[in-house]
Every structure is written in C-alpha cells, then in structure tokens.
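A.B. asks: Please read through the structure below; I'll follow up with questions.
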Amino acid sequence: MEKALALKEKVMKHPLLKKENLNPKVWMTSDNLQGFKDFVLQRDTFPGTDTSFDNVEMLLETERDYMEAAKKNDVATMKLLGRSVNVNAKNVTDRTALHYAVAGRNTEAVELLLRRRAKLDLQDKHGVTAIHLAAWFGSLTILKLLVQGGADQKMENEDGYNILHCAAINNHTEIVKHIVSDLQMKELDKEDRTGNRAFSLAAEHGCVEMLELLMEEPYCMATMEANQNGNTPLHLAAKNGHLDTVQLLLQSFGNRNEVNKAGETALYLAADGDHEECVQALLEAGCDVNIVNTEKSSCLHPAAEKGHTSLVKLLIAHGMDMNFRNQHHQAALHLAVRSCHIPVLHTLLVSDCNINVTDHRDQTALHIAAELGKVDIVEMILKFGPDLTLQDKQGKSALGVAARADMVVIVDMIIKAERYFAWKADPGCNETLHDESPLTFKLDHRVETKQIRTTVWNLAYKLLKPHDWKKLAQHWLFTEQQVAAIEEQWTGLKSYQEHGNRMMLIWLHGALATCKSPGKELYEGLISIGHKHVADKIRLETTSSETKKCTIS
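Okay, so the sequence shown: first residue is 2 according to my numbering, each after it adds one.
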C-alpha cells in the first residue's frame, strides 16, 4: 500500500503529465512506473520541468543524494539531509540506500540507517535483500548488525539463494562459519532454484577454500549430487575451467564419469570450453575419453569444431576415436573442414584419421572443402591421397561438386590429383620425386616454368581450333568426366581457348611430376591430332628453353 501511494504521488505531481495533457489515471491503472520513466526519457528537457525529481532513478533529489551518500559512506551528508528523507525510497531497480551501503561495506552508513529504522528485508527487482549483500560481499560485521536488527536470515532471492549460497559463491568462509557455528542455521544448506547446494555453487565458482571447509566437521556439506540438469560439482567446475577445484574433487571423490541430462561428462564440458589443463587432469584421473553425449558427440567434436588444436592432440594421445560420427554422421574431420580450422585438420590427417569417412550426405571432407571453395584445405586433403571416386547421395564425386559450385581452381586441382595418383598406382611408374620441389596441386607461378606455360597459352589461344583441345585431352588420357568438368566452367564461342589452356596446364603438372619431357610430350600430342606444322614450331621453342631438371608444378 505504501509503495502504491508513493508511486501515485510521484506520477500525479510530475509536470510532464500536465504539459502533455496526459491522464494520470491511465498510468496508475497499469501501475506503469517503468513505462512512464521511458516516456520521460524520450522527451527533451522542457522549460519548467521539476528539477527536484530524478527522471532516471525516479527519485526525489534529496532521496537521490541520500542514496549516493550511502554508497560513499558519507555519513555527514546523510545526517545533513536529515529526517525529512524517506530512507526506504527505491530507485528503478527497487534498491534502497541500505542496499548500497551494505554492498559498499559501509559500516557507519549501515549503522545510521539502522538507527533511522530502515526496513531490513526490502527486496530489489531480483529479490536481493541487504542481508544477501552482506553475505555476498563478505562483510561479517554488517551481517551481524543486520541479524541483530532483526533481518530475516532465511530470505531467498529470485534464484533461490540464501545467505549461505551467497557466501559459498564468493568464498567467504568466515560468513559460513558464523552461519553454522554462531547462528546454528545449518538448515540453510538447501537447493536453490536449479537444484544446487552451497557445495555445488562453490565448485562452480572455483572456491577451493570453501569446498575444503564444507567437507570438514561440523559442516559436512560436501555432496556430489547432481542438480536439476544432472550436473555434479565436478561438471560445474570443469565447465568453468577451475583446475584447482577439479583436482580437489578428483582427489576427494575419485574418478567420475557421470553424465548430465545432455549425456555430457565433466571431461566433455572441459573440452567444450577449451579448458585444456582440466582436460589433462580428468584424463590422468582415468576419465573415459570416448563417452558420447545424447547427440552422439564426443569430446573431440567440439574441440575440432572450435579449432582447439592442442586439445585435439591431447585427446588423440589418450585414445580418442577420431572417426566417431555424431548424430549427423559428422566426424571431427568434417567439423574441422566446415569451420576452416587448418591446424586441427592437419593434426587429424597426420594422426591417420579416416580421410574418406562420410557424413549424412555421404560427403567426405574433400566434398565439403570443394563445395565451400576452400583451396588450402582441398590442397591439404589431396596430398594425403583421398579416394577421389567416392560419390555423395546425389551421385557427385568431389570433382563433380567442385564443377557444380563453379570452383575452377579446385576443379583443376582435383583433376591434377586424379591423374597424379593414377600414375603412382601404375606398377611401372617411377616414384622418385624431387625434394626441392614439393608436391602441390595449386596453380604454378614459378619462374622456371614460365616459358613452357607461355608456350601453352599461345598454343591454346592462337594456334588450336575449337575441338583440338579435346583431341589432345584424349591423347593424354583425360577421362570424359575430367573433360566435362573443365568444360562446365566457361561458355561462349571462344571458351575453347580457356578450356584448352586449363587442360594443358593440368597435363603439364603431370608431365613435370612424372619427370617427362614437356617439349617431347607436347610435340607427340600435336602430331597425333594432325598439327605437324604447329608441332615443329613448338618443338623449336621448347627445345632451347626446356630445363634439364624434372620438377613438380
């Protein structure tokens, strides 16, 4: 009732209501103080506005000054303002001067407010009272003053926290000792709204001293019971990366592989949060690395998806199944590719994961990288020799996916890889490669191959007829699928020039990779399609410039 009357008085007297011809009863019927505040803040400052009223905090000027003095422990100002001030006035968050005095650990201000008969159990909009704040900020002196003044020691805020919870969260052991030993209120060790007791809250916030206290006599509040979400104190500590807490709990309660309602272990939560030291401690304690959650996700899945390379290495070193697939049939490899985490991808590949594992669309990591147009990732995967014949549910190989997505560079890279690995699979091939030129399937921009690449370009754009490039491709054993993939990216009357140039650059990659003479190969190819005159001209150009070393483009 008192609150309603105070609200009515403030609203009825505000000058903007009269100036804007607004009916105060409209505001009062809905008790819409917040709405009125928003209205005031949207207006400019009008001449004649009552400056004795704080439109932001919804306080009279004297009330605002009194509250500010309480925040600063300015007892002199509080006394100067005198008894005309309503010490229980609330701001827009329903906090009073007592709230701020307690939160600031301002003992003198609190004592003055107690003498002024300030109400001790008024709650702010979160249900927090002064005694909660005393426990939260660890002021034992003020807490005792409030208890002596008659404050309700069992009050709970909107989260179900009482003073024991508040003290446990903030590692205030002296407050807990007072509650249990002096106030004899061990019954405050109860669940909050989410089912957490003081021990769980202390674990969640990494309060080691509090945990050690609660495990002792006469407190005996240590429990590994799960909360409403199935999280034990170990889950909560691991999720928040509190290494000391995790180690204490493992030492006191042993190896824990319990799962919460989402099927997550403490190890999973630590990995998900990239808390590597906690993961290490849990693994050393013998926690099972291969327990999966309700979505069939292992610890490795979030680590790979979020790019935690060192954590991925740690999990693999402790026996993590790299090829396990979640409910979408995605392995860690798929997630690393989709998230473009190249270091994680490299770690998985060198650790001998299944490079050909498929997801729910029957796509391999190469399919995904080709579809996304990730050249560097495609390059890395190709070097590890994936099965390039695998098809997704639409019957597309990685080459087909790249062609459909109009990824020209990737199309050419995959064709180079197909031809290179077909050559390596030939029993009669020479597998000796030159270390000074490491294998790559990307575009060749090297100075030493510039002359032959220029020759190829002139041939494609100036000398060959529209269908000649396909005849050359057939001579050099390009497959129908490879020719179709090259042809798919460009259209038009002169598109054969670009198609021919790309095809011959792909051929050149293979010729250099297999240590063949590009000049000789090109000459024989032109002869085979009936271009002896052009072949002779090209032979003269290439004979003088062809390098003696075999290099890989």
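We treat Cβ as the ideally placed atom computed from N, Cα and C, and that holds for glycine.
Return yes when the Cβ of A199 is within less than 8 Å of the Cβ of L165, no when it is not.
C.D. replies: It is a contact, given that the beta carbons lie within the stated cut-off.
A.B. asks: Got a sec? Which residues, its chain only, sit under 7 Å from T142 by beta carbon, not counting five neighbours each side?
C.D. replies: If we look at T142 and ignore the five residues flanking it on each side, its Cβ neighbours are T108.
A.B. asks: Please name the residue in Q482, D289, S140 whose C-alpha comes closest to that of G396.
C.D. replies: If we check each option's Cα against that of G396, Q482 comes out closest.
A.B. asks: Rounded to whole angstroms, what's the CA-CA distance from K443 to A282? Just pull it up for me.
C.D. replies: Between K443 and A282, the C-alpha separation is close to 43 Å.
A.B. asks: Considering only the beta carbon of each residue, do L400 and V412 sit closer than 8 Å?
C.D. replies: Their beta carbons are under 8 Å apart, which means L400 touches V412 by this criterion.
A.B. asks: Considering only residues of the same chain and omitting the five flanking positions on each side of G161, which have a CB-CB separation below 8 Å?
C.D. replies: Once the five neighbours on either side are set aside, the close Cβ partners of G161 are E192, D193, R194, T195.
A.B. asks: Quick check on this structure: which residue in N261, M211, F254 has the alpha carbon closest to the alpha carbon of N228?
C.D. replies: If we check each option's Cα against that of N228, N261 comes out closest.
A.B. asks: Between C279 and V209, what straight-line distance do the alpha-carbon atoms span, to the nearest angstrom?
C.D. replies: If you take the alpha carbons of C279 and V209, they lie about 15 Å apart.
A.B. asks: State buried or exposed for T365, treating a residue as buried only when at least 16 other CB atoms are found within 10 Å of its CB.
C.D. replies: With 16 or more Cβ atoms within 10 Å of its Cβ, T365 is classed as buried.
A.B. asks: Is L509 buried or exposed, if buried means 16 or more other CB atoms sit within 10 Å of its CB?
C.D. replies: So L509 ends up on the buried side.
A.B. asks: Among G151, K297, L144, D360, which residue has its Cα nearest to the Cα of A168?
C.D. replies: Looking at the Cα atoms, L144 is the closest of the given residues.
A.B. asks: Return the chain-ordered list of same chain residues with a C-beta closer than 7 Å to the C-beta of A333, the five sequence neighbours on each side being excluded.
C.D. replies: So the qualifying residues of the chain are L301, H302, A305, M323, L349.
A.B. asks: Could you tell me the boundaries of the alpha helix (DSSP H) in which Y462 lies?
C.D. replies: Unbroken run through Y462: none, as it is neither H nor E.
A.B. asks: How many whole angstroms separate the CB atoms of Q608 and K297, which I take to be in contact at a CB cut-off of 8 Å?
C.D. replies: The shown model of the chain, from 2 to 554, leaves out residue 608, and the question about it has no answer.
A.B. asks: What are the boundary residues of the alpha helix (DSSP H) that includes W508?
C.D. replies: Looking at the DSSP string, the run of the alpha helix (DSSP H) that includes W508 is 496-514.
A.B. asks: If you measure from the CB of H361, is any heavy atom of the ligand SAH nearer than 7 Å?
C.D. replies: With respect to small molecules bound, the structure shown includes none, and the ligand SAH cannot be examined in it.
A.B. asks: Here's the rule I'm using: 16 or more other beta-carbon atoms within 10 Å means buried, otherwise exposed. How should H534 be labelled?
C.D. replies: It is exposed - the Cβ of H534 has fewer than 16 other Cβ atoms within 10 Å.
A.B. asks: Using the Cα positions of I487 and Y421, report the straight-line distance between them to the nearest angstrom.
C.D. replies: If I take the Cα positions, the gap works out to 17 Å.
A.B. asks: Entirely within the segment 364-418 and at least 4 residues each: give me those alpha helix (DSSP H) ranges in chain order.
C.D. replies: If we require 4 residues or more, the alpha helix (DSSP H) runs fully inside the segment 364-418 come out as 366-373, 376-384, 399-405.
A.B. asks: Roughly how many angstroms separate the alpha carbons of R257 and N232, rounded to a whole number?
C.D. replies: The straight-line gap from Cα to Cα measures roughly 12 Å.
A.B. asks: Using C-beta distances below 7 Å, list every residue in its chain close to G154, excluding the 5 sequence neighbours before and after it, in chain order.
C.D. replies: Gly is not the amino acid found at residue 154; the sequence shown has Gln there. For Q154, where only same-chain residues beyond five positions count, the Cβ hits under 7 Å are I132, V148, I164, L184, M186.
A.B. asks: Using the Cα positions of Q452 and W477, report the straight-line distance between them to the nearest angstrom.
C.D. replies: Computed Cα separation, rounded: 21 Å.
A.B. asks: In whole angstroms, give me the CA-to-CA distance for S201 and M321.
C.D. replies: Near 29 Å, if we compare the C-alpha coordinates of M321 and S201.
A.B. asks: Please list the segments of the alpha helix (DSSP H) lying wholly inside the segment 292-336, counting only runs of 4 or more residues, in order along the chain.
C.D. replies: Runs of the alpha helix (DSSP H) inside the segment 292-336: 301-306, 310-318.
A.B. asks: For H368, which residues of its own chain have a beta-carbon under 6 Å away from its beta-carbon, when the five flanking residues on both sides are left out?
C.D. replies: So the qualifying residues of the chain are D393, A399, V402.
A.B. asks: Straight-line CA distance for A371 to D407?
C.D. replies: Cα to Cα, the separation comes out at about 10 Å.
A.B. asks: Answer yes if the segment 515-527 comes into contact with the segment 487-498, meaning at least three C-beta pairs across the two stretches below 8 Å, and no otherwise.
C.D. replies: No: the two stretches stay apart, fewer than three of their Cβ pairs being nearer than 8 Å.
A.B. asks: With DSSP run on the structure shown, which of helix, strand or coil describes S253?
C.D. replies: In this structure, S253 counts as helix in the three-state DSSP scheme.
A.B. asks: Smallest Cα separation from K178: which of M156, G207, S140?
C.D. replies: Checking every option, the nearest Cα to that of K178 belongs to S140.
A.B. asks: What number of angstroms, rounded off, separates the C-alpha of L34 from the C-alpha of K126?
C.D. replies: The predicted position of L34 is uncertain, since its pLDDT is 46 and thus under 50; a value taken from the coordinates is nonetheless stated next. Distance between the alpha carbons of L34 and K126 is about 13 Å.
A.B. asks: Measure the C-alpha to C-alpha separation of T224 and T295 and round it to an integer number of angstroms.
C.D. replies: T224 and T295: Cα-Cα distance of roughly 25 Å.
A.B. asks: Going along the chain, which unbroken runs of the alpha helix (DSSP H) with 4 or more residues stay wholly within the segment 117-171?
C.D. replies: Counting only runs of 4 or more, we get 131-137, 141-149, 164-170.
A.B. asks: My understanding is that Q331 touches D360, with C-beta atoms under 8 Å, so please give their C-beta distance in whole angstroms.
C.D. replies: At roughly 5 Å, the Cβ-Cβ gap stays under 8 Å, so Q331 and D360 are in contact.
A.B. asks: State the start and end residues of the unbroken alpha helix (DSSP H) segment that holds E175.
C.D. replies: From DSSP, the alpha helix (DSSP H) with E175 extends over 174-178.
A.B. asks: Can you tell me whether Y220 is helix, strand or coil according to DSSP?
C.D. replies: Coil.
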